[in-house]
Amino acid sequence: MKYQSLHQHLFFSIGVSETFVFSPVDRWEIPKPPYVSLNIPDLIGPLSTSFSRTLERISINFSYLDIISGLADPHLVLGFEAVAPLLSFNRLTELELNFFCTSAIDDAALKIMAQSWPQLEHFRFGGATKRLDLPLLTFRGLVYLIQHCRYLQVIEMCFSAFSIDTNCEPFSKTIPNENITSIAVGFSPIVNPTAVACQLHMLLPNLTRLRTTSNKLPPPFERNQAEWKEVEKLLVVFAKCAEMKDGMGQMS
């Protein structure tokens, strides 16, 4: 295990990598895997009290290839109690907890997180998990994220995508984010691809690329990749239509 603090950044790497480059900073190492499962709240809690509230980047990653199979460990499931100690870092611009399973985080919890980190630009949260637990997060949670984090450029997360009422809050009160052109959705389950594509285009008008997990998925998840591909095709069409409409407006 390696830990690095550099200026306003916190890097925490599980495993020992020969190619991991460090500046002259503090290190913390434990033996290579196999290792006892981590207690995530006990890991994040003490770390969060060791840094200035001006911390800008938090990255917890897995750098040792031999433990990839261990990424399905139930101890790598993040609950809100594990994330809560990080909420006080209100200048956070990058959060990278991508290899953790975030299925226990719901929309209400994500709303609190988004409100706590208004400067957030990069949000990588459970998009690379090896666990296939159905997420409690839904499209509504994605809306909260876009609504409260106006500087977002990168989103990687798993959520249940389905049709919601776009005339009601929070959707109706959310300003579209024009910075994002690509998001990663992992193994996110999806219902009604056409409606999901329309909603995504309304929120992220320049979105044209969706990335799903590269792993072969078992039933019922295997259909998700094809349906997200359908959403991606629709997004490309919507973006092109919007571009043509803008061009016509400039000519008139």
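Residues in the sequence shown are numbered consecutively from 1, following the UniProt record's numbering. Ideal Cβ positions, reconstructed from N, Cα and C, are used throughout, including at glycine. For clarity, every value in this text was computed on a predicted model and none was experimentally measured.
Query                                                                                                                                                       : Result
So residue 169 is in the alpha helix (DSSP H); what residue range does that whole segment cover?                                                            : No alpha helix (DSSP H) holds residue 169; DSSP gives it neither H nor E.
Tell me whether residue 46 is buried or exposed, calling it buried when 16 or more other Cβ atoms sit within 10 Å of its Cβ.                                : exposed
Can you give me the Cβ contacts of residue 174 inside the same chain, cut-off strictly under 8 Å, excluding the 5 residues immediately before and after it? : 143, 146, 147, 203
Tell me whether residue 219 is buried or exposed, calling it buried when 16 or more other Cβ atoms sit within 10 Å of its Cβ.                               : exposed
Does DSSP classify residue 232 as helix, strand or coil?                                                                                                    : helix
Using DSSP's beta-bridge definition, name the partner residues of residue 154.                                                                              : 122
CB-CB under 8 Å to residue 179, same chain, minus the five flanking residues each way: which ones, in chain order?                                          : 151, 152, 153, 206
Taking the C-alpha atoms as reference points, what is the distance between residue 176 and residue 217?                                                     : 32 Å
Can you tell which of 96, 132, 232 has the C-alpha that lies nearest to the C-alpha of residue 215?                                                         : 132
Just mark residue 140 as buried or exposed, buried being the case when its beta carbon has 16 or more other beta carbons within 10 Å.                       : buried
Return the residue from the list 96, 240, 210 that minimises the CA-CA distance to residue 129.                                                             : 96
Which of the three DSSP states, helix, strand or coil, is assigned to residue 210?                                                                          : strand
What does the alpha-carbon distance come out to for the pair residue 76 and residue 169?                                                                    : 33 Å
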